[in-house]
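Numbering (the working numbering), first residue to last: 446 to 908.
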């Protein structure tokens with residue numbers, strides 16, 4: 446019974462200096478809404494392959510290629526593997542270290558000082574052969590090793606969440622680059638059509654000018670419009686070329702601008718699938734990673750405190766020792782040893798207590814990073830929801846603007862050749878129609894990109 450107080454003390458101290466690797470989201474003292482402030486509908490889940498909702502089979506194939514060949518993703522996977530190995534290393538000290546050894550020694554010594562002849566020496570040669578099985582084990586009474594292992598395990602889980610987050614980000618980056626390349630291609634087609642239209646108008650104006658039906662001012666305005674359209678066309682060619690190369694780079698291919706794109710952007714975007722705010726804490730990889738790093742920091746604090754207490758190390762060996770190699774496995778020549786070593790830090794210049802303070806400061810830093818990540822996540826979703834409403838209204842208004850501008854262009858062209866309006870009115874109507882068509886393409890791409898951002902903000906999986 447005299448050992449009971451010691452046992453209870455050891456048990457209590459091990460509990461005090463232990464940490465839990467389970468996911469526990471800290472209380473941020475922030476009142477979160479039960480639903481999104483800018484939402485009108487609620488859907489609990491998002492499909493893992495959410496990009497398939499865009500209805501672009503080529504895009505599905507492109508994303509699969511990115512997952513397989515993107516070098517940055519491969520680097521992220523390697524970092525995750527390294528973190529897993531580190532967790533294994535950190536937990537290895539929980540178990541005994543076992544090794545076997547064999548030895549062979551030949552030595553010479555001289556025997557001197559015989560009474561009959563003090564100056565006489567007798568050489569002697571000795572052989573010693575041995576085998577040994579060795580065991581060493583540190584008793585983790587205070588939980589230092591357990592906490593170190595838990596910290597490394599939490600760090601591995603954070604690294605895994607980082608990988609998931611990078612994969613999700615890569616999917617979003619690939620989709621956006623794909624949409625940007627399609628948009629650039631459609632903008633190029635539009636600029637080529639505009640250039641051809643201005644050329645046709647110039648030819649008609651030139652013919653009327655040569656007949657004296659239009660002044661030279663009209664002809665010069667038409668030439669200026671053709672040159673401006675040509676300049677814009679080359680700008681669109683450059684943008685299309687760059688966007689294709691960007692997609693190829695993401696896919697781990699040589700950027701030759703030869704990738705085959707889809708013919709058009711997805712036309713139907715549909716209603717935005719909104720999730721419940723609490724779901725963010727379980728889905729977003731960056732929040733999971735931040736929470737795991739916070740858990741790791743808590744375990745590191747416990748490990749640092751445990752290092753203030755004595756360490757107890759047990760060692761033992763069992764083997765043979767003989768001067769005859771043929772008897773090396775004969776247990777009649779067995780030898781063994783067992784020992785215990787207790788080490789209590791007394792003075793290290795404040796190193797150990799400073800290490801506790803260091804890890805406590807890192808824990809505060811990890812908590813602040815976690816809180817910031819959570820608040821940023823909610824902020825991103827609210828901004829994206831608001832942007833979706835604004836972009837939807839902007840797209841509807843731009844469609845009306847485009848339709849009216851095209852009608853005005855056709856009407857002004859007809860009236861110009863009838864001599865009812867001047868060249869400025871005609872060219873201005875043409876520019877407005879072209880700009881409205883281009884703007885409509887851009888807004889549709891922005892809506893698609895905003896939808897991609899929404900899936901990422903809600904932690905949509907990237908499988």
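Cβ coordinates follow ideal geometry from the N, Cα and C atoms, glycine included.
- Within the same chain, Cβ atoms closer than 6 Å to the Cβ of residue 681 are found at 632, 633, 636, the five residues on either side in sequence being excluded.
- The beta carbons of residue 695 and residue 511 sit closer together than 8 Å.
- When rounded, the separation of the alpha-carbon atoms in residue 738 and residue 732 is 10 Å.
- Here DSSP, grouped into helix, strand and coil, assigns residue 756 to strand.
- Under the DSSP assignment, residue 880 falls in the alpha helix (DSSP H) whose first and last residues are 868-902.
- DSSP places residue 730 within a helical segment (H, G or I) once states are collapsed to three.
- With contact defined as three or more Cβ pairs closer than 8 Å, the stretch 601-610 and the stretch 519-530 are in contact.
- Per the coordinates, the alpha-carbon of residue 691 lies some 9 Å from the alpha-carbon of residue 619.
- The criterion of a C-beta distance shorter than 8 Å is satisfied by residue 892 and residue 840.
- Counting C-beta pairs with one atom in each stretch, the stretch 769-787 and the stretch 852-859 have fewer than three that are closer than 8 Å, which means they do not touch.
- Taking 3 residues as the minimum length, the beta strand (DSSP E) runs contained wholly in the stretch 751-818 are 756-767, 779-788, in order along the chain.
- For residue 638, the enclosing alpha helix (DSSP H) covers residues 589-655.
- Minimum Cα-Cα distance from residue 903 among the listed residues 522, 728, 592 corresponds to 728.
- When Cβ pairs closer than 8 Å are counted between the two stretches, the stretch 740-758 is seen not to touch the stretch 613-628, the count staying below three.
- Nearest C-alpha to residue 882 among 668, 652, 850: 850.
- Taking 8 Å as the cut-off, the beta carbon of residue 535 is found closer than this to the beta carbon of residue 597.
- Out of 713, 639, 658, the CA that lies nearest to the CA of residue 675 is found in 639.
- Boundaries of the alpha helix (DSSP H) around residue 685: 661-695.
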